[in-house]
Every structure is written in structure tokens, then in C-alpha cells.
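Undergrad:
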Amino acid sequence: MRFEMRRAVLVGVAVALVWGLAPALRAGEVVTLRFSNWHLVETVWGRSLREAIRIFESRNPGIRISPEPISYAEKEARYQAECAARRMPDVVKLHNFSLAMFFELGCAADLTPFVEKEGPNFLKSWYEFPIKSLTYKGRLLAMPGDYMSMVLIYNRELFRAAGLDPNRPPRTWEEFREYARRLTRDTDGDGRVDQWGFSIPASKNPGLPLRILPMVWSFGADFLTPDGRRSAMNTPQFREAFRFIVELATVDRVTPPGVTTFGPQDVRIQMAHRRVAMKIGSGWTYPIVNAINPQLNAAEVLEAAPVPAGRRRITAAWLSGWIMSPHTQHPDAAWRFIKFLTSKDTEKKFFEDNRVISSRRDVNTLPLVRMDKFSRVIVQELQHARLEPQIKEWPEIFDAFATALQEAITGAKPWERALLDAHTRVEGILARR
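Here the sequence shown stands for residues 384 to 816, numbered as in the working numbering.
(1) To the nearest angstrom, report how far apart residue 757 and residue 684 are at their CA atoms.
(2) Quick one: give me the first and last residue of the alpha helix (DSSP H) that residue 723 is part of.
(3) If I follow the unbroken beta strand (DSSP E) through residue 661, where does it start and stop?
(4) Ends of the alpha helix (DSSP H) at residue 651?
(5) Would you kindly check if the distance between the Cβ of residue 785 and the Cβ of residue 802 is under 8 Å?
(6) Which residue's Cα is closest to the Cα of residue 546: 422, 556, 536, 562?
(7) To which residues does DSSP link residue 531 through a beta bridge?
(8) Using DSSP with H/G/I as helix, E/B as strand and the rest coil, what is residue 598?
(9) Residue 500 by DSSP, collapsed to three states: which one?
(10) DSSP has residue 688 in a bridge; who is on the other side?
(11) List the endpoints of the continuous beta strand (DSSP E) containing residue 509.
(12) Would you list the residues sitting across from residue 435 in a DSSP beta bridge?
(13) Only counting the same chain, and skipping five residues up and downstream in sequence, which positions put a Cβ closer than 8 Å to that of residue 732?
(14) Give me the Cα-Cα distance between residue 632 and residue 503, rounded to the nearest whole angstrom.
(15) Which of the three DSSP states, helix, strand or coil, is assigned to residue 406?
(16) Please state whether DSSP places residue 578 in a helix, a strand or coil.
(17) Cutting at 8 Å between CB atoms, please list the residues of its own chain near residue 637, excluding the five before and the five after it.
(18) Quick one: complete alpha helix (DSSP H) runs, 4+ long, within the segment 737–778?
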């Protein structure tokens, strides 16, 4: 017993020496940090990040950043495998879809000691909710990045052409359905529909929950019971929400053909080329759409509005976090880079370049944020926003829903059967806890 206690003490001392007492970078020493982020593969965001890296390296000549691009869809699986092999990149970005899973797997270093060294006022510039959401068992495991609400993005010119008031977007889901019907049109008179009212990325991708949750929640439904122990996908409210979503494609036919194969970028391409009039998005939408087709003049033509309401006004929140690998050999350098990425100046740059809303109060109160027509709505709707369930089973639970959605839209199963099968699968997932 004494031997085990002594060994535990020695291990604790060793950890403290590595993490708490690690010396600063020695003069002349150059370390390389592996940095992975799905935005590196994107035109606008990728350029912005590489510019930020150059700024950081110029200010920190002892640190070099080695970018490792990764696709949005594959990041979780790769990072898990790399974490298990103790080869996870030194700094990665994740969002709330999977953060809880990485926390529970031990794939995020504890940032609390670094924050404490910065002083008692260091975190006061951030909103409390993101900090709380990234705290696990009393320890801060990620620094907040983007913090945004999902909103309705629409094309005001297509509204006007369909006889709709571009200054009066749909406020309820029934209005939304009627708008979508009127916006689904044959614009060139060849007898075939070539413009659709709405599009959604209904393939299995991490971006789908952000577009689905506002619709489900606003019908008064939820995926889980209040205690989080059972599926709530068999309630009348959930059935109503699911049927509404499915019938947008199967009955109203207001979505483009092949909707179950679309990812988020496919929908943005459709909007950029005036093939869809409405989508659910956030701050990143218009700069990406504009980069796809600058002739659209997205900053002028696109508008943002609250997501339509049902039984309640609610939307989904997007929250990303910067994680340090628990196996990094350079924790001080990794923290310095994370601190730079989440600084006021860098977050301001990310807004200017990408129009993403920061988790920092002192950025969101800047005039350039408050006066932007998109960010005004996005910041305003944060008061009505919720995060996805913060449990490690959430990706698997939503996969059951996505399977049912695809089965119902493609006709592989009647919507009732598809939803019941998903409910049963989720019950099984939760029973393993």
C-alpha cells in the first residue's frame, strides 16, 4: 500500500514538472507544432488561418507551425485514432458536436494551469456560457473559438421575383412552407423546376444537426427525455417535426433532387448560383457563398433572419473550441499558439475575414460587428440558442436520426417506420451507459 502511494506521488510530481514547471522556450531553440483544422482546406478560411500563422511565427521566432489540413467529415475519427496512438496534432479545433466525446476519452489537455498563470481576470473577456460549456469536471479543456446562432439565410432578389416581400421573411414554419412553395419555380420556362425554395445538407455529416435541431426543438420536441436516459423520439411533437422535415422533400418538393447526398458546401453552391432561395446557416455563410460566385454579390443580395418559430422560438448554437493534445511535447508553445488564436486581435481578424462571431464580449461589442447586418441577427439570436446534447453518445444518436431521415426521404421506409426504428436504436445506445 505504501509502495503504491509512493509511486502515485512520484507520478504526480513528474506530471507537475512536465506541465506546471516546464521551462520557457530556450533562446535559439525552435520547436514545431502540428496544427490541424478543417478550415485549412477552405479558400476563405484557409487563407485567413495561414495569414494568422505567419503573424504568430513572426512574433514567436522559436515556434514553427506545421499545418495539417483535414476534411470536416473525417476529423473526429482521425483525431480519435491519433489520440489513441499518442500522435494527435499539438493543437486542433473541434466543435460542440464532438467535444464532450473527446473530453471523456481524455483527448484534451487540461488548460486550467495555463489560464491560472495568466491571472484572475484572463477569462473575463469571454462569455460565461462558452467557458462553462468547455469545462469538464471542473477543468477547462478547450479555449472557446466561434460562438454563433443558426439563422435563416435567404436571397432577397429571389423573394422579390416570387412576389414575396424581401423585408418580411417567414416567421413560422407554416409561413416558411408557403414561402418555399412559391420560391420553387421554373424560371426559364422550359417546363422543369430549376429553382427551389429550400435546401438542407441531408447526407450524414457533422453539419446536419445544426440545421435540424432548430426545426425539431421549435416543434416542442427533443431527442432525449429531460434526464437524458431515454429516447424522446417517439413523442407526438417529435413525430410532427420529423414528418414536416421529410415532407418538405417528398410532398412539397421544395428541396432539390438528391437532398440526401448534399453536404453543407453543396447547399452553399446551390445558393451561390441562385438554385435555392433559403437555407439555414450562420456567420460563415455569406463569405463562403461570395467566394463561390462573386457575381452574386452575396453581401447585398443575401439576408439573415431568425429561424422560423413553432411552439417556441429557439435555435441551435455553434461553439468551437481549441484543444491541446494531451500528448504534446511542447505544452508551453502550444498554449502560446492557442492564446494567440483566441486573442482579441486574432478573433477580430477572423470576423473581418470570415464573418464568424467570437466567444469574446470585447470583440462582439466592436462597431464593425454591431453594425454588420448578418452578425446583428446572429448575436441577437444567441439568447434563444441551445447547444447540441453534450454527451459522448450524441454522434451515434444523431446518426440513428440521419439514417431515418434518409430512409424516409428516399422512400426506403415509410416515415413512421423509419422514425420508430431510429427511436429503438437510440434506446439501445442509451441502455449501454
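Virtual Cβ for every residue (Gly too), placed ideally from N, Cα, C.
TA: So, from the listed chains and residues:
(1) 12 Å
(2) 714–724
(3) 659–664
(4) 647–655
(5) no
(6) 562
(7) 701
(8) helix
(9) helix
(10) 535
(11) Run containing residue 509: none; DSSP gives neither H nor E here.
(12) Looking at the DSSP assignment, residue 435 forms no beta bridge with any residue, so it has no partner.
(13) 431, 434, 435
(14) 52 Å
(15) No answer about residue 406 holds up, because its pLDDT of 43 lies below 50 and its placement is not dependable.
(16) strand
(17) 560, 563, 564, 566, 567, 579, 580, 581, 631
(18) 744–747, 750–753, 756–764
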